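If you read the protein sequences in the order shown, they are chains A and B. In case it helps, the numbering used here puts the first sequence at residues -13 to 424. In case it helps, the numbering used here puts the second sequence at residues -13 to 424. Where a beta carbon is used, it is the ideal one built from N, C-alpha and C, also for glycine. Just so it is clear, the structure is predicted and the values come from calculations on it, not from any experiment. Some notes on the structure that comes next.
Protein chains: 2
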Amino acid sequence: MKPINLGLIGCGTVGTGVVRILYSKNELLGNRIGIPLNLKYVADLDTTTDRGVTFPPGVMINDAWKIIQDPEIDIVIEMIGGEDLALKLIEAAIEKGKHVVTANKALLAKHGNRLLSAASKKGVDLAYEASVGGCMPIIKTLRESLVGNKVKSMIGILNGTCNYILSKITDEGINFQDALSRAQDSGYAEANPELDIEGLDAAHKLAIVTALAYGTHLDFDNVYIEGISRITPLDIQFAAQFGYRIKLLAISKDHGDTIEARVHPTMIPFDNILSNVNGTLNAVTVTGDAVGDILLYGHGAGMMPTASAVIGDIVDIARNLAFNAAGRLPLLACQPEKISSKSIMPINELVTHYYFRFEAKDQPGVLSKIAGILGKFGISLASVHQKGRKSGGSVPVVMVTHFAQESNVRTAMDEISRLDVVHGAPMVIRIENDNHLE
Amino acid sequence: MKPINLGLIGCGTVGTGVVRILYSKNELLGNRIGIPLNLKYVADLDTTTDRGVTFPPGVMINDAWKIIQDPEIDIVIEMIGGEDLALKLIEAAIEKGKHVVTANKALLAKHGNRLLSAASKKGVDLAYEASVGGCMPIIKTLRESLVGNKVKSMIGILNGTCNYILSKITDEGINFQDALSRAQDSGYAEANPELDIEGLDAAHKLAIVTALAYGTHLDFDNVYIEGISRITPLDIQFAAQFGYRIKLLAISKDHGDTIEARVHPTMIPFDNILSNVNGTLNAVTVTGDAVGDILLYGHGAGMMPTASAVIGDIVDIARNLAFNAAGRLPLLACQPEKISSKSIMPINELVTHYYFRFEAKDQPGVLSKIAGILGKFGISLASVHQKGRKSGGSVPVVMVTHFAQESNVRTAMDEISRLDVVHGAPMVIRIENDNHLE
């Protein structure tokens, strides 16, 4: 049987992992698929670095466009990341009728609708399991295994860097900057960590799985995003006193006409299984109307876990090609003409529980002023914690609310922060009490 | 587009769940697949019970063979369970060129090789995701998502009844019989609970996932099986003192030429995530050479979770049919001619840690006699716990070993049980210290 020709663009960490699996398991993969895979080209600007694999002559090239132009290439594997060149290459590959595998979540979140629509019109497959959750098969689970469900909600820890940093602050009581340095020293955070710590990476992923869960188009622009850089050891300690841990969660919920989609530091109860997902691990719970809750848990990043997901996609497409069945699976959750136009709810409409921390002057009447403003906006308190008086300086006043609406919380915080007895901006952390798998 | 015709045989709990999803989500499923599903017949001997669904005229029939004989039926959904009739029906359906979906783990474990071989020769699909772990997509994960991995090991809680009973004994200190009664009262155990509590159900499931993980044929006969009926609250308390919880685990590991496949009560450390999977929930960790560890966790049984998995299979096959791609996926892990002949290792060759409890006479020298026999067979102890002397009667002597071989353990236990200072058969529980997702 004629082999399926692959062209891989971008031989960095994950690309190298993909090459390793393709070379070391060529026979195994052939036995599983029934048709051999042939890695015809690997394109990278750097063709000389020793990647620990031996390329046969002519495989390693420095011109990605040679892969796009080669009529023999069936599947293009885009591993360069970034947006500009990757977008051009994928669009050109689709235009040439080639199938595409990518792990590029930023690209998909921002340009996915255009790419998927082009692929669908051309009848080619575009697979992206590795874009979310590394080796956790969340894309396949949503689009195939849970096809008989209406997804009600989804809560995930989707960024290993943030989870590592928050775990370090929690376990060692160090501050954010020190925890970030540790993450950088250990290779878990980039030199420029903004994409991770500001929540963007998790939001890219949430945009992708939200579209699959609720049958909508991708809508990254309306995902609410808040990073972890303001989280202090003090908040983590207070959280523990209330029975919570702080995690950067990606949350989406179906509200019928609209959906929630938000990424922010969140307090979750100790007995929520996600509160025990530590270090760089990722996990996601999906609640479906038939399955109840299910959890996937594993390594969300790293060379080989991500490469494993890429290989899964390559094999899915190869199996389609062996049966002339490209397009067998819609590229999002539904057939293109059936995609829902449900929109993402503005964050101001969110109703949830909140944790507040105010740095208040150590004098009588402060609590009453704060509580008065909260009351005015209909925000009622489930518990209040005021640290013992300190001579001079400020004391933290900590509160947990019953259900309150975000718009009211924002207006109240604004007013409270203007009180002369309160220093600086209040700390606000949303709480997620929905529990799963208990 | 011509709809795909389904015939469902056996409208019990899960069958009714499948009908509910097919009726309530007919449009949604059509939007997702791109081709409508038509439930042409539902066959059950009982055509009169109110199942909470309204069948259009002519759908409910009492003759399963009418489904097999009807040339319009594309997919047969076998939901009657049991072995004899189900086997005949599935064989006849395959012979007629129909695709089959089943959740019948006992049938697959025992007759799967024959059925899958017949299906493969005939070029029809036989899907069985619902046979293992209810809604957890373990079959799809092993066969598709992890296709680029060599699976190294797999450890699962695959029987909700046993997990419920052990959780009750652990949490409430009641004995096995009382916990079983509770499970029966709550509908979590059958009136005849043998299949569950003796470990057979978990072993059926382990046989299936073992074949998929290691690319072998099904080999239920060689899975080692031990149930939970001898577990006492006392053993659970001792386990806790050593930092362990007791679970009925299904364990398989790759040893190169052979594989381990065993189901038995097992002690696992508190910090192994599986030790916190309680009640009727199921979970499985898979360790692959590329992904590291991943965990799937969810409802392993019940009407709707199982029906959800059945729907996933129906849709997978429907998508194949829409593209004329039946047989796209091999029915086990590899193409039929490439299936490995690796065999399951006899339990006597197992090397692991063990917990022993002896009921010993309360007199001097007993410990030395027991330890002497263990030493003779090369079994060395990691810790020993002897309860304070009781006046008269017996005292429990509890031990945890370093690595020891099962054959030696069995011979030693035999010899120790013949000592006149030891009452009754020793309690032996295997320990699994390999930890995952830490």
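Cα separation between A/I359 and A/K347?
17 angstroms
Within 8 angstroms, do at least three Cβ pairs link the segment 172 to 180 of chain A to the segment 105 to 112 of chain A?
no
Can you tell me whether DSSP reads A/F206 as helix, strand or coil?
helix
Kindly list, in the order they appear in chain B, the residues whose Cβ is closer than 7 angstroms to that of A/M122.
I280
Quick one: list the residues of chain A neighbouring B/R314, beta-carbon separation under 9 angstroms, in chain order.
R305, N306, A308, F309, A311, R314
Quick check on A/V370: buried or exposed, where buried means 16 or more other Cβ atoms within 10 Å of its Cβ?
exposed
Are the beta-carbon atoms belonging to A/I217 and A/P251 less than 8 angstroms from one another?
yes
Boundaries of the alpha helix (DSSP H) in which B/K91 is found, first to last residue:
91 to 108
Residues in the segment 134 to 147 of chain B with C-beta within 7 angstroms of chain A's C-beta atoms, listed in sequence order?
G134, N135
Among A/A269, A/N258, A/S354, nearest to A/C121 - alpha-carbon criterion:
A/A269
How many whole angstroms separate the CB atoms of A/R343 and A/P291, which I take to be in contact at a CB cut-off of 8 angstroms?
At roughly 37 angstroms, the Cβ-Cβ gap does not stay under 8 angstroms, so A/R343 and A/P291 are not in contact.
Residue-level contact to chain A via CB, B/L29, 8 angstroms cutoff:
Looking at the sequence itself, residue 29 of chain B is Ala, so the reference to Leu does not match. Not one chain A Cβ lies under 8 angstroms of B/A29.
State the Cα-Cα distance for the pair A/L235 and A/Q163, rounded to the nearest angstrom.
20 angstroms
For A/K11, the three-state DSSP class (helix, strand or coil)
coil
Under the three-state DSSP convention, the category A/F344 falls into
strand
Could you tell me how far apart the beta carbons of B/A116 and B/A193 are, in whole angstroms, since I believe they sit closer than 8 angstroms?
About 16 angstroms; that fails the 8 angstroms criterion.
Are the C-beta atoms of A/P22 and some chain B residue less than 8 angstroms apart?
no
Name the residue from B/R314, B/G98, B/L128, B/E345 whose alpha carbon lies nearest to the alpha carbon of B/A276.
B/L128
Under 8 angstroms, do B/V249 and B/G185 count as touching if we go by C-beta distance?
yes
Taking buried to mean at least 16 other C-beta atoms within 10 Å of its own C-beta, is B/R100 buried or exposed?
exposed
In three-state DSSP terms, what is B/H371?
strand
Alpha-carbon spacing of B/A287 relative to A/S403, whole angstroms:
52 angstroms
Under the rule that 16 or more other beta-carbon atoms within 10 Å means buried, what is B/V337, buried or exposed?
exposed
Which residues, in chain order, does the segment 393 to 421 of chain A contribute to contact with chain B at a C-beta distance below 8 angstroms?
none
Check the Cβ of A/R37 against every Cβ in chain B and list those closer than 8 angstroms, keeping chain order.
Ordered by position in chain B, no residue passes the 8 angstroms Cβ test against A/R37, which lies about 16 angstroms from the chain.
Since B/S139 sits in a beta bridge, which residues does DSSP pair it with?
B/K239, B/T273
Of all the beta strand (DSSP E) runs that stay within the bounds of the segment 262 to 342 of chain B, which reach a length of 3 or more residues?
267 to 274, 278 to 285
Run down chain A in chain order and give the residues with a C-beta less than 7 angstroms from the C-beta of B/P291.
A276, V277, G278
Please confirm if B/A89 has its CB atom under 8 angstroms from at least one CB of chain A.
no
Out of B/M65, B/S139, B/A89, which has the shortest C-alpha to C-alpha gap to B/A50?
B/M65
Could you tell me the alpha carbon to alpha carbon distance between B/S326 and A/N310, rounded to whole angstroms?
28 angstroms
Taking just the CA atoms, how far does A/L(-8) sit from A/D60?
6 angstroms
Where the beta strand (DSSP E) containing A/Y27 begins and where it ends
23 to 29
Looking at B/K239: is its Cβ nearer than 8 angstroms to the Cβ of B/L260?
no
Check whether the segment -7 to 11 of chain A and the segment 294 to 303 of chain A are in contact - that is, three or more C-beta pairs closer than 8 angstroms.
yes
Beta-carbon contacts of B/G134 that lie in its chain and below 7 angstroms, excluding the five residues immediately before and after:
A276
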